[in-house]
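Residue numbering for the sequence shown follows our numbering, starting at 10 and increasing by one per position.
Glycine included, each C-beta is placed from N, C-alpha and C at the ideal position.
Step one of this worksheet: look at the structure below.
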Amino acid sequence: METLLLATENTRQREENILKAAEIIKRGGLVAIPTETVYGLGASALNEDAVKRIFEVKGRPQDNPLIIHVESAEALNKWCRNVPDTAFRLAEMFWPGPLTMVLPKNELIPPRVTAGMDTVAVRCPDHPATMRLIELSGVPIAAPSANISGKPSPTTAAHVMHDISGKIEAVLDGGECRVGLESTIIDLSVSPPRLLRPGGISLEQLRSALGEVDVDPAVFRKLGAGEKPKAPGMKYTHYSPEAEVIILKGSLDAVSNYVSAHYEKGTAVLCFDGEEGAFRADVCLSYGKNGDSASQARYLFARLRELDRKDIKLIYARAPESEGVGLAVFNRLSKAAGNTIIEV
Ligand code: TXA
Ligand code: MG
Numbered sequence: 010m011e012t013l014l015l016a017t018e019n020t021r022q023r024e025e026n027i028l029k030a031a032e033i034i035k036r037g038g039l040v041a042i043p044t045e046t047v048y049g050l051g052a053s054a055l056n057e058d059a060v061k062r063i064f065e066v067k068g069r070p071q072d073n074p075l076i077i078h079v080e081s082a083e084a085l086n087k088w089c090r091n092v093p094d095t096a097f098r099l100a101e102m103f104w105p106g107p108l109t110m111v112l113p114k115n116e117l118i119p120p121r122v123t124a125g126m127d128t129v130a131v132r133c134p135d136h137p138a139t140m141r142l143i144e145l146s147g148v149p150i151a152a153p154s155a156n157i158s159g160k161p162s163p164t165t166a167a168h169v170m171h172d173i174s175g176k177i178e179a180v181l182d183g184g185e186c187r188v189g190l191e192s193t194i195i196d197l198s199v200s201p202p203r204l205l206r207p208g209g210i211s212l213e214q215l216r217s218a219l220g221e222v223d224v225d226p227a228v229f230r231k232l233g234a235g236e237k238p239k240a241p242g243m244k245y246t247h248y249s250p251e252a253e254v255i256i257l258k259g260s261l262d263a264v265s266n267y268v269s270a271h272y273e274k275g276t277a278v279l280c281f282d283g284e285e286g287a288f289r290a291d292v293c294l295s296y297g298k299n300g301d302s303a304s305q306a307r308y309l310f311a312r313l314r315e316l317d318r319k320d321i322k323l324i325y326a327r328a329p330e331s332e333g334v335g336l337a338v339f340n341r342l343s344k345a346a347g348n349t350i351i352e353v
């Protein structure tokens with residue numbers, strides 16, 4: 010199958026292209042969609058066969074449920090039951106935006122979308138092309154991140170084409186993703202609400218909106234054999250290039266000395282802006298500004314993809330801060346590193 014690349018920026022064909030994508034969704038096809046977080050692999054959430062194909066294309070485990078993308082907070086009562094006032098309050102504050110809410114689902118959402126769970130994850134993405142697509146399709150769009158399972162999520166249309174070109178009908182190109190990491194997931198089906206995955210809306214922001222918020226242990230560490238995270242996806246290996254990733258925590262000098270002392274052929278470094286010359290390594294890439302979590306979030310996945318090449322065997326990464334959006338950066342990098350962190 011030839012995958013259409015449909016431009017939506019700097020083109021007169023924008024509306025025509027979004028319409029084409031909507032036709033594909035309505036027919037039960039697959040379209041990769043731009044969002045402010047990462048690209049999603051979208052299909053009509055109401056079409057079981059299309060949803061089944063999402064899992065096949067990604068190589069995604071069947072027990073890992075999908076997020077549905079909707080046009081507004083009004084959709085909550087359309088697809089969910091017992092929606093608490095807090096959900097509308099959060100939607101008012103953070104939608105459209107990088108926040109996904111888990112709520113009890115109603116019978117209209119097929120079990121395949123939720124992997125048999127009786128809750129559904131819902132989000133309203135902050136991207137004009139995808140908002141228009143949802144409107145024109147007239148259905149909620151189920152979409153996981155548009156990467157092959159286990160790889161970093163795509164933040165450009167080119168990343169999506171690299172992973173799944175030839176396997177889906179189209180990619181809607183909406184430019185580079187602004188946030189760069191997947192949405193924050195909050196479970197509102199439990200009390201107190203529980204953070205399942207950190208993202209662009211911080212734990213601090215959620216606590217100031219809701220008061221008490223629990224944090225799922227899977228956010229901070231790899232769970233043991235008998236433990237189950239509430240977001241099934243948090244248990245899988247993620248975001249990993251072929252090389253081994255190790256996080257080095259310490260000052261620039263200490264990290265630089267450590268890397269020099271342990272250099273071997275095939276060593277790469279993920280550092281901060283302006284530090285590229287400070288390391289003895291074959292490749293040195295910056296993933297953002299030191300102390301600026303938003304910029305680190307935006308580029309982390311793109312850099313991990315760049316370092317996913319045969320000649321790179323070991324990647325040392327400067328440790329990000331873990332406050333605010335930094336918690337999401339730290340969470341994704343820790344997963345890429347299989348939680349290997351060395352204090353230097
Ligand atoms: O920013 C994002 O959230 C992106 C864009 C495309 O919207 N989507 C995304 O989807 O990251 P995905 O499928 O890669 O991650 C969804 C996560 C998985 O960890 C999954 O287990 C969890 O959400 N999830 C989905 N439905 C759930 C539910 N009902 N209860 C708990 N966790 C759920
Ligand atoms: Mg994903």
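Query	Result
Just the C-alpha distance for A227 and T139, rounded to the nearest angstrom, thanks.	30 angstroms
Check whether the segment 150 to 163 touches the segment 47 to 66, taking contact to mean three or more Cβ pairs, one atom from each stretch, closer than 8 angstroms.	yes
Does the segment 77 to 95 come within contact of the segment 117 to 134, defined as at least 3 CB pairs closer than 8 angstroms?	yes
Any chance the CB of E65 is under 7 angstroms from a heavy atom of the ligand MG?	no
Just how far apart, CA to CA, sit I157 and G242?	14 angstroms
Pull up the DSSP beta-bridge partners for V278, would you.	C293, Y325
Could you name the residues of the same chain whose beta carbon sits closer than 7 angstroms to that of L219, not counting the 5 residues immediately before and after it, in chain order?	T95, P202
Could you check where the beta strand (DSSP E) with P113 kicks off and where it finishes?	108 to 113
The ligand TXA and N73: does the residue's C-beta get closer than 7 angstroms to at least one heavy atom of that ligand?	yes
When you compare only the Cα positions, how much space is there between L336 and S211?	8 angstroms
Does the distance from the CB of L181 to the CB of A311 come in under 8 angstroms?	no
Between which residues of its own chain and S22 is the CB-CB distance below 7 angstroms, once the five residues before and five after are set aside?	Looking at the sequence itself, residue 22 is Gln, so the reference to Ser does not match. Counting only Cβ-Cβ distances below 7 angstroms, and skipping sequence neighbours, we find A16.
Can you say whether L309 is buried or exposed, counting buried as having 16 or more other CB atoms within 10 angstroms of its CB?	buried
Tell me whether P43 counts as near the ligand MG, meaning its Cβ is closer than 7 angstroms to at least one heavy atom of that ligand.	no
Work out the CA separation of K231 and G347 for me, nearest whole Å.	8 angstroms
What does D196 pair with, by DSSP beta-bridge criteria?	V111, R203
Kindly indicate the opening and closing residues of the beta strand (DSSP E) around G49.	49 to 53
With DSSP run on the structure shown, which of helix, strand or coil describes D127?	coil
By Cβ distance, which residues of its chain are closer than 6 angstroms to V122, with the 5 residues on each side in sequence left out?	A54, V60, L75, A151
Relative to the ligand MG, what is the chain-ordered list of residues with a Cβ closer than 7 angstroms to any of its non-hydrogen atoms?	P153, S154, N156, S162, E191, G242
Hey, D317 and E251 are a contact pair by Cβ (cut 8 angstroms); roughly how many whole angstroms apart?	6 angstroms
So which of R62, L13, D72, D301 has the shortest CA-CA distance to P238?	D72
Quick one: grab the DSSP three-state call for I255.	strand
Is it buried or exposed for P70, if we count other Cβ within 10 angstroms and need 16 for buried?	exposed
Are there any heavy atoms of the ligand TXA lying less than 7 angstroms away from the beta-carbon of H78, as far as the coordinates show?	yes
Go ahead and pull the three-state DSSP assignment for S154.	strand
Run the proximity test for R203: is its beta-carbon closer than 7 angstroms to any non-hydrogen atom belonging to the ligand TXA?	no
How about L145 and I27: do their beta carbons lie closer than 8 angstroms?	yes
Looking at the secondary structure, which residues open and close the alpha helix (DSSP H) in which L117 lies?	Per DSSP, L117 belongs to no alpha helix (DSSP H) and is neither H nor E.
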